[in-house]
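Presented below is the structure to which this report refers.
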């Protein structure tokens, strides 16, 4: 498969998983966490599908489209691991959805990053909350959710945080 086709499939899987998660948290109050802003495309998508939600973004350096930059009071700028700890002190266990789009094409490095991130998300996630990730993660009390129809297993990952 070409890199272009792989990218397109990953973007479709990302969108389908985010749409699934948005529907799954419909009755669960709380903010959304976006780990990794990039160009801001998924942040913009989350604003569209969850317009009533506060969306907190975690990014090392903002390089997004001007229209996709979150307000300063919703932006945790700098190292994600430090900011997740800081956010837990501010937001508590309230997040209904977390989308993690971090890492590189190096699966070994991604595994290490995922092992760091998952325990830092736990103090932020509300019981019943959903974690959507571009890399496999293991959180305490998280259960795997099946992929939405059309999403190939292992392309994107969904978890529900138990109460």
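Numbering (our numbering), first residue to last: 1 to 163.
Note that beta-carbon positions come from the ideal geometry of N, C-alpha and C, so glycine has one too.
Tell me the rounded alpha-carbon separation between residue 33 and residue 60. 15 Å
Once the 5 residues before and after residue 62 are set aside, which same chain residues still bring their CB inside 8 Å of it? 37, 69, 75, 77
### Query
Mapping DSSP to helix, strand and coil, what is residue 156?
coil
| By the 10 Å Cβ neighbour count, where 16 or more other Cβ atoms means buried, how is residue 134 classified, buried or exposed? | buried
* To do: Taking residue 19 as part of the alpha helix (DSSP H), name the residues at either end of that continuous run.
  => 3–24
Original post:
In this structure, does DSSP put residue 164 in helix, strand or coil?
Top reply: Residue 164 lies beyond the range of the chain shown here (1 to 163); nothing can be said about it.
Practice problem: Can you tell me which of the three DSSP states residue 49 falls into? | Solution: helix
Do you know offhand how far residue 139's Cα is from residue 98's?
12 Å
Going by C-alpha distance, which of 57, 12, 108, 2 is nearest residue 155?
12
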